[in-house]
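Chemist: Questions regarding the structure given below will be posed in turn.
Number of protein chains: 2
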Amino acid sequence: MNRREIALQKLKGLGEMIIEDVTKDKVPRIRVPSRSTSNIIYDDKKRHYILGEKYGIRSMGNVKQIKKIAQMLYIANFCKDLVKRNKTATLRELYYVSEGWDVDFADQQESNIIGEDLEVTLGMTREDLGLLPEEDGAAVYGELTVREGDIEINALKAGKSGYTIPPTIDEVEFVDHDVERVIAVETMGMYHRLVQEKAYKKFDSLIVGLKGQAARATRRFLKRVNEELNLPIYICNDGDPWGFHIAMVIISGSAKLAHVNHELATPDAKFLGVTATDIINYDLPTDPLKDIDILRLKELLRDPRYKDDFWKREIKKMLKIGKKAEQQSFSKYGLEYVVDTYLPEKLDEIET
Amino acid sequence: MNRREIALQKLKGLGEMIIEDVTKDKVPRIRVPSRSTSNIIYDDKKRHYILGEKYGIRSMGNVKQIKKIAQMLYIANFCKDLVKRNKTATLRELYYVSEGWDVDFADQQESNIIGEDLEVTLGMTREDLGLLPEEDGAAVYGELTVREGDIEINALKAGKSGYTIPPTIDEVEFVDHDVERVIAVETMGMYHRLVQEKAYKKFDSLIVGLKGQAARATRRFLKRVNEELNLPIYICNDGDPWGFHIAMVIISGSAKLAHVNHELATPDAKFLGVTATDIINYDLPTDPLKDIDILRLKELLRDPRYKDDFWKREIKKMLKIGKKAEQQSFSKYGLEYVVDTYLPEKLDEIET
Chain B
1 MNRREIALQK LKGLGEMIIE DVTKDKVPRI RVPSRSTSNI IYDDKKRHYI
51 LGEKYGIRSM GNVKQIKKIA QMLYIANFCK DLVKRNKTAT LRELYYVSEG
101 WDVDFADQQE SNIIGEDLEV TLGMTREDLG LLPEEDGAAV YGELTVREGD
151 IEINALKAGK SGYTIPPTID EVEFVDHDVE RVIAVETMGM YHRLVQEKAY
201 KKFDSLIVGL KGQAARATRR FLKRVNEELN LPIYICNDGD PWGFHIAMVI
251 ISGSAKLAHV NHELATPDAK FLGVTATDII NYDLPTDPLK DIDILRLKEL
301 LRDPRYKDDF WKREIKKMLK IGKKAEQQSF SKYGLEYVVD TYLPEKLDEI
351 ET
Chain F
1 MNRREIALQK LKGLGEMIIE DVTKDKVPRI RVPSRSTSNI IYDDKKRHYI
51 LGEKYGIRSM GNVKQIKKIA QMLYIANFCK DLVKRNKTAT LRELYYVSEG
101 WDVDFADQQE SNIIGEDLEV TLGMTREDLG LLPEEDGAAV YGELTVREGD
151 IEINALKAGK SGYTIPPTID EVEFVDHDVE RVIAVETMGM YHRLVQEKAY
201 KKFDSLIVGL KGQAARATRR FLKRVNEELN LPIYICNDGD PWGFHIAMVI
251 ISGSAKLAHV NHELATPDAK FLGVTATDII NYDLPTDPLK DIDILRLKEL
301 LRDPRYKDDF WKREIKKMLK IGKKAEQQSF SKYGLEYVVD TYLPEKLDEI
351 ET
């Protein structure tokens with residue numbers, strides 16, 4: 001069974017369970033795993049946040065919960081229709097569609113939350129249920145051929161701005177590739193630098209332009225590339241707490257998405273730089289840490305995802321030197337320096 | 001001569017002029033058109049803002065101006081090198097590269113401004129000089145084939161997320177197309193809706209996903225498609241002052257970029273909706289106008305770009321009904337409604 005068929009079966013199953021209860025004169029109930037902070041646990045073995053064992057029961061016998069159950073069933077029915085017809089909708093569209101239903105939502109916030117309840121109840125991502133984020137994913141450049149439906153796309157022939165990872169990434173099939181690693185960078189400025197300097201050829205690499213915080217589709221793409229194609233993932237971001245965390249969310253997922261981290265996190269992905277050590281070794285142009293950077297770095301020190309020696313050392317070093325540096329600051333030594341000198345040295349270090 | 005050759009000649013010319021002055025014992029001067037508000041004029045005939053006749057003289061004889069001239073010549077020299085080697089750099093990279101020069105910049109703000117001075121002095125866009133924005137342009141889907149270097153890309157075969165307009169749009173060649181119009185939409189949610197409902201086929205159209213405020217590359221693309229391929233451009237945004245203005249910047253350019261509007265503005269592009277009239281006629285789900293929306297609508301009423309009867313009427317009507325609506329709100333009538341009903345009716349109205 002493919003993901004679509006599983007989703008359809010689970011959605012149908014939810015409805016059938018309710019109907020069975022009603023037929024047998026039992027009060028229908030739905031068991032919804034809890035997403036409260038107390039049920040979000042960092043799993044050392046899986047190396048990402050997961051949901052614990054707590055759950056709540058929504059019962060039709062409880063007047064307060066009837067509306068919530070009705071909302072969930074309406075959304076489930078809408079999703080069943082989407083999946084059946086092989087369509088998708090944004091969360092915003094779902095909210096507007098609900099204007100025509102017999103049950104209403106106060107605002108989009110409310111329909112989003114019930115959508116997440118459904119996700120966690122069924123143990124599927126909302127993308128599987130046909131509910132897509134608005135945002136597109138990252139730009140990909142390099143020798144990778146994918147199939148979307150009956151279209152094959154070579155990420156070396158989609159133009160300089162590359163192949164864009166669609167929100168429907170799980171329907172994308174990896175057809176062929178001729179690369180040995182993936183280099184993901186935070187900014188499109190750096191992405192275009194790497195494409196222009198032919199880093200994809202030089203390092204037998206896919207170049208991925210994250211466009212800041214990685215979209216869900218991007219994280220799913222990186223995880224699939226890592227697991228299905230056995231390619232190592234290296235992340236090169238700005239050398240500041242925000243660049244660190246963009247990498248960490250790719251590596252170990254977020255607490256908020258504890259229920260889907262097993263689909264999104266890539267624990268084997270590695271942070272290549274810019275590290276505090278790089279700032280010193282390469283004598284990079286820097287800016288002083290702001291109060292908010294310092295606060296954030298101290299938060300990271302207490303975050304279970306950053307407990308490796310590597311992270312502890314680099315965060316402390318950054319606090320000590322009191323400086324941060326952007327990835328584009330390598331241009332101080334010329335536009336080509338990052339590809340001719342920095343990346344070869346760092347890749348050599350990380351791969352041996 | 002292509003744009004690159006012209007840029008190279010102009011950059012060289014600037015240097016030669018200085019050398020000539022020095023050789024003849026004259027004080028070198030550069031004439032820089034003024035970009036102050038008093039020199040930004042709305043041109044009724046061209047239907048966009050242009051720069052007026054005012055200019056300033058930067059003279060090496062003026063101690064205060066020596067640094068500015070030196071900065072401009074360093075940037076010009078850097079650009080000459082870029083253009084010569086067929087390379088590009090971001091404004092951020094330029095700033096970091098300048099760390100290795102004998103003349104410095106206080107911050108990136110300063111190097112950006114001198115970059116704009118150079119742009120306006122030479123009468124070329126900064127893209128022509130090899131200085132690219134970080135941001136990529138819009139997503140394009142539909143029967144259009146373009147050439148980037150020796151790669152041909154068909155925008156129907158680049159994946160669901162489409163062909164991404166690169167910052168180097170002026171080097172993109174239009175090879176072939178089989179469409180009769182362009183429909184540009186504000187959100188990627190609506191873009192994916194139109195792709196999913198096959199609006200590109202139904203309306204013989206390119207679908208362009210603007211991703212909010214249109215990037216310079218997107219505006220240049222739309223202008224080129226309009227002028228070179230003779231395709232009408234229709235813009236469909238949220239029905240609020242921000243959606244109006246995203247359309248207007250495509251149509252009539254911005255005041256800030258008065259010196260390059262002739263390369264970016266598409267005065268014949270048309271705003272299709274969502275209009276205040278649409279909100280009433282289609283009985284759309286709305287939100288009340290906030291104070292800041294009302295303020296902005298009143299500003300637009302005083303803006304010379306909005307002086308058409310159409311805009312005056314729609315802005316006043318929106319102020320009267322006190323409501324705004326998003327483009328995705330058509331989903332109230334089902335996901336397909338926007339493609340099956342709204343767009344056909346509006347296209348019919350605007351094209352006859």
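Protein chains in written order, with full-length UniProt numbering: chain B, 1 to 352; chain F, 1 to 352. Ideal Cβ positions, reconstructed from N, Cα and C, are used throughout, including at glycine.
1) What three-state label does DSSP hand B/Pro288 in the structure shown?
2) Starting from the beta carbon of F/Pro288, find every residue of chain B whose beta carbon is closer than 7 Å, and list them in chain order.
3) Under 8 Å, CB to CB, which of the residues in the region 174-194 of chain F have a partner in chain B?
4) When the Cβ atoms of the region 116-135 of chain B are set against those of the region 2-17 of chain B, are three or more pairs found closer than 8 Å?
5) F/Gln213 versus chain B: which residues are under 7 Å apart at the beta carbon?
6) I need the straight-line Cα distance from F/Gly322 to F/Tyr306, nearest angstrom please.
7) Quick one: what's F/Asn281 bridged to in DSSP?
8) Step through the CB atoms of chain F and report whether any lies within less than 7 Å of the CB of B/Glu119.
9) For B/Ala70, go through chain F and note every residue whose CB falls closer than 9 Å to its CB, in chain order.
10) Buried or exposed: where does residue 354 of chain F fall if 16 or more other Cβ atoms within 10 Å of its Cβ makes it buried?
11) With a CB to CB cut of under 6 Å and the five nearest residues on each side skipped, what residues in its chain are close to F/Glu180?
12) Are the Cβ atoms of B/Asp136 and F/Ser161 separated by less than 7 Å?
13) Does the contact criterion of 3 or more C-beta pairs under 8 Å hold for the region 27-35 of chain F versus the region 216-234 of chain B?
14) Terminal residues of the continuous alpha helix (DSSP H) containing F/Ser111?
15) Count Cβ pairs between the region 154-168 of chain B and the region 294-303 of chain B that sit closer than 8 Å; are there 3 or more?
16) Using the beta-carbon of each residue, which ones in chain B are nearer than 7 Å to F/Glu148?
17) Helix, strand or coil for B/Arg29 per DSSP?
18) According to the neighbour-count rule (16 or more other Cβ atoms, all chains shown, within 10 Å of its Cβ), is B/Gly273 buried or exposed?
19) Residues of chain F with a CB under 9 Å from the CB of residue 378 of chain B: which are they?
20) In or out: F/Glu188 buried (at least 16 other Cβ within 10 Å) or exposed?
21) Using alpha carbons as the reference points, say which of B/Thr277, B/Asp128, B/Ser254 and B/Pro166 lies closest to B/Val146.
22) Cα-Cα, which of B/Tyr163, B/Arg302 and B/Gly130 is closest to B/Val140?
23) On the DSSP bridge assignment, give the partners of B/Thr145 in chain order.
24) Just to check my reading of the structure: F/Ile113 and F/Ala255 have Cβ atoms closer than 8 Å, yes? What is that Cβ distance to the nearest angstrom?
25) Please report the residue range of the beta strand (DSSP E) in which F/Ala325 lies.
26) Leaving out five residues on either side along the sequence, give the residues of the same chain with a beta carbon under 7 Å from the beta carbon of B/Leu264.
27) Can at least three beta-carbon pairs, one atom from the region 270-289 of chain B and one from the region 234-247 of chain B, be found at a separation below 8 Å?
28) Going by beta carbon distance, what residues of the same chain come within less than 6 Å of F/Ile18, once the five residues before and after it are set aside?
29) Using DSSP bridges, identify the partner residues of F/Phe271.
30) Using a beta-carbon distance below 7 Å, is B/Gly123 in contact with chain F?
31) Within 7 Å (strictly less), CB to CB, does B/Ser329 reach chain F?
32) If we define contact as Cβ-Cβ less than 7 Å, is F/Val97 a contact residue for chain B?
33) So within the region 31-116 of chain F, which uninterrupted beta strand (DSSP E) runs reach at least 3 residues, ignoring any that extend past its ends?
34) Is the separation between the beta-carbon of B/Asn261 and that of B/Tyr49 shorter than 7 Å?
35) What did DSSP end up calling F/Gly130 once you bin it into helix, strand or coil?
36) Please classify F/Ile165: does DSSP put it in a helix, a strand, or coil?
Modeler: Based on what the coordinates show:
1) DSSP places B/Pro288 in strand when its eight states are reduced to three.
2) Chain-order list of chain B residues neighbouring F/Pro288: empty, with the shortest C-beta distance near 13 Å, by a criterion of under 7 Å.
3) Thr187, Met188, Gly189, His192 and Arg193
4) The region 116-135 of chain B is in contact with the region 2-17 of chain B.
5) Chain B residues near F/Gln213: none, gap ~15 Å exceeds 7 Å.
6) Rounded to the nearest angstrom, the two C-alpha atoms are 19 Å apart.
7) Beta-bridge pairing links F/Asn281 to no other residue.
8) Not a single CB atom of chain F sits nearer than 7 Å to the CB of B/Glu119.
9) Within 9 Å Cβ-Cβ: nothing; B/Ala70 doesn't reach chain F, min ~19 Å.
10) As shown, chain F starts at 1 and ends at 352. That puts residue 354 of chain F outside it, with no answer to give.
11) Asp204
12) In contact: B/Asp136 and F/Ser161 (Cβ atoms closer than 7 Å).
13) Not touching, per the Cβ criterion.
14) Gln108 to Leu122
15) no
16) Gly159 and Lys160
17) DSSP places B/Arg29 in the strand class (E or B) of the three-state scheme.
18) Label assigned to B/Gly273: buried.
19) There is no way to answer for residue 378 of chain B, as the model of chain B reaches only from 1 to 352.
20) In the sequence as presented, Glu is not what sits at residue 188 of chain F; that position holds Met. Buried is the call here.
21) Of the candidates B/Thr277, B/Asp128, B/Ser254 and B/Pro166, the one whose C-alpha sits nearest the C-alpha of B/Val146 is B/Pro166.
22) B/Tyr163
23) B/Asn154 and B/Asp176
24) That belief does not hold up - the Cβ atoms of F/Ile113 and F/Ala255 are roughly 16 Å apart, past 8 Å.
25) Looking at the DSSP string, F/Ala325 is not in any beta strand (DSSP E), and its letter there is neither H nor E.
26) The residues Arg216, Arg219, Arg220, Lys223, Gly253 and Leu257, in chain order, have a CB closer than 7 Å to that of B/Leu264 in the same chain once the five nearest residues on each side in sequence are set aside.
27) yes
28) Pro28
29) F/Ile235
30) Not one chain F Cβ lies under 7 Å of B/Gly123.
31) yes
32) Yes, F/Val97 lies at the interface with chain B (some Cβ there is under 7 Å from its Cβ).
33) 40-43, 48-51 and 55-59
34) yes
35) coil
36) coil
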